[in-house]
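> Take a look at the following structure, please.
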Amino acid sequence: MSLPLVTRPAAAAEIETAYRWYEKEREGLGSEFLEAVEKMVKAIAEDPERFPAIRKDIRRAVLRRFPYSIFYRIVSGHVVVIACFHGKRKFGGYASNARSVDCEARCWGAVPGEELYFQYLSKRPLNLIDFMPVYNLCPTQSTLVLRLVDGERQFEEMRWQLVPNFEPGFTTKFSTINAKSETVFESRLFGDLVVRQRCIVPLSGFFEWKTDGQRKWPFKIHLQNKAIMSLAGIWETWRPGTPHERRSFSILTTSANRFMRAIHDRIPVILDNSAEEDWLDPEIQERKALKEILQPCPNEGLTAVEVSPLVNSAKNNGPELLQPVVANHTENPPQRDLFAD
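For the sequence shown, the positions run 1 to 341 when this note's numbering is used.
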């Protein structure tokens, strides 16, 4: 008996890109490529354990006539196709790209899809089936983002690092991982987006590094009494209306509150329940109203814990990254007093 099949948007886009290339460069092979993919996906659904595991629960099936591999995992009784890469490309390549972009912009999202559903949505979308924990989310990787589509809240997978729609490829030389709320309205890249294309980035928390001379210590920052924090974001569509259409986002930041200043001088804009509604409301476009939202969150409710330097490497992604460590840098005050009044 075949298992139900789900294809993630990123994987569908990769298949579409390969199909277009074969249609253009190898006349007549585009259709054959799609047939080969469909045949392989059917074989995966019929016997998902037939193909070898390459990393934990991720398996790889190699196409016979084409130099492509299909990567998939089994989630809640579904076969979920997560990627379709060229044969020379290793799974997880996005993480290696992230290190060259910004080694210290990191978040984590270890929240089950059901919790996202209950907090943000009135009905359950199919794409939450494949929401897997990510313990070291890096720039250029993808995560679920919440936006308003035809008046309804909708989750969508987007790349973290906003790619302007004028770029020839789905990458950019601009610094678009974050957007400063103090200057976002005057920005040529962000000014229109903050008015018309706003989103919420739901995460468990984020990492930040405390610097003392040449040394840096990573901390995880999260809410004390809430599993999910809603970060203010803006999004953009690259090549809209084409088969290659993809979306990406930036996270809004602001000056650090008193709590965060002991570690860093910036903090993401964290939205409370009321601000979530206003941030997604397309009718709110006045600069003054939006600036009132883009403020540091209250000091109360945040907590910070020093964690393992394993988080420094984009290659690492596991729950061990969140485990507290005992501070051994004696020249600093004990961790429990780091954010004391």
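Each residue gets a CB set at the ideal place from its N, CA and C atoms; glycine is no exception.
1. Would you list the residues sitting across from PHE249 in a DSSP beta bridge?
2. Output the distance between the C-alpha atoms of PHE51 and GLU14, rounded to the nearest integer angstrom.
3. Which first and last residues belong to the beta strand (DSSP E) in which ALA179 is found?
4. Starting from LYS210, trace the alpha helix (DSSP H) in both directions and tell me its first and last residue.
5. Given this structure, state the Cα-to-Cα distance separating LYS291 from SER181, to the nearest angstrom.
6. Looking at the secondary structure, which residues open and close the alpha helix (DSSP H) in which LEU29 lies?
7. I need the boundaries of the beta strand (DSSP E) containing ARG147, first residue and last residue.
8. For ARG153, collect the residues of the same chain with a Cβ closer than 8 Å to its Cβ; drop the 5 residues on either side in sequence, then sort them by chain order.
9. Between the region 260-274 and the region 208-224, do three or more beta carbon pairs fall short of 8 Å?
10. Which residue wins for smallest C-alpha separation from ARG287, given the options PHE118, ARG60, GLU186, SER204?
11. How many angstroms separate the CA atom of SER255 from the CA atom of LEU34?
12. Would you give the residue range spanned by the alpha helix (DSSP H) that SER274 belongs to?
13. Exposed or buried, THR375, counting other C-beta atoms within 10 Å across all chains shown (16 or more means buried)?
14. Do three or more CB pairs link the region 78-86 to the region 44-61 at distances below 8 Å?
15. Among GLY28, TYR22, GLU276, which residue has its Cα nearest to the Cα of LEU67?
16. Check ARG55 in the structure and name its three-state DSSP category.
17. Label LYS226 either buried or exposed according to how many other C-beta atoms from any shown protein chain fall within 10 Å of its C-beta, with 16 as the threshold for buried.
18. Between which residues of its own chain and TYR19 is the CB-CB distance below 7 Å, once the five residues before and five after are set aside?
19. Using the three-state DSSP reduction, which class does LYS220 fall into: helix, strand or coil?
Per the coordinate set shown:
1. Residue numbering aside, residue 249 sits at position 249 when the sequence shown is read from its first letter. PHE249 is bridged by DSSP to TRP160, TRP235.
2. Working through the sequence shown from its first residue, we reach residue 51 at position 51. Working through the sequence shown from its first residue, we reach residue 14 at position 14. About 21 Å.
3. Working through the sequence shown from its first residue, we reach residue 179 at position 179. First-last of the beta strand (DSSP E) with ALA179: 178-180.
4. In the sequence shown, the residue the question calls residue 210 occupies position 210. Premise fails: LYS210 lies in the beta strand (DSSP E), 205-212, not in any alpha helix (DSSP H).
5. On the sequence shown, position 291 is the one that residue 291 refers to. On the sequence shown, position 181 is the one that residue 181 refers to. Approximately 8 Å, taken between the alpha carbons.
6. By one-based count along the sequence shown, residue 29 stands at place 29. It spans 29-46 - the alpha helix (DSSP H) in which LEU29 sits, taken as one unbroken run.
7. Within the sequence shown, residue 147 is the residue found at index 147, counting from 1. Run containing ARG147: 142-149, per the beta strand (DSSP E) assignment.
8. If you number the sequence shown from 1, residue 153 lands on position 153. The residues are TYR120, LEU121, SER122, LEU146, ARG147, LEU280.
9. yes
10. Position 287 of the sequence shown, counted from the start, is the residue given in the question as residue 287. Nearest of PHE118, ARG60, GLU186, SER204 to ARG287, Cα basis: GLU186.
11. For the purposes of this step, residue 255 is identified with residue 255 of the sequence shown, where counting begins at 1. For the purposes of this step, residue 34 is identified with residue 34 of the sequence shown, where counting begins at 1. So the two alpha carbons sit approximately 50 Å from each other.
12. The residue you call residue 274 lines up with position 274 of the sequence shown. Where SER274 is concerned, the enclosing alpha helix (DSSP H) stretches over 273-280.
13. For residue 375 there is no data in the structure shown, the boundaries of the chain being 1 and 341.
14. yes
15. In the sequence shown, residue 67 corresponds to position 67, counting from 1. A quick correction: the sequence has Pro, not Leu, at residue 67. Considering only alpha carbons, the answer is TYR22.
16. Counting from one through the sequence shown, the residue named residue 55 turns up at place 55. It is a strand residue.
17. Numbered from 1 along the sequence shown, position 226 holds the residue referred to as residue 226. So LYS226 counts as exposed.
18. Within the sequence shown, residue 19 is the residue found at index 19, counting from 1. Around TYR19: GLY30, PHE33, LEU34.
19. Along the sequence shown, one-based indexing puts residue 220 at 220. Three-state DSSP puts LYS220 in a strand.
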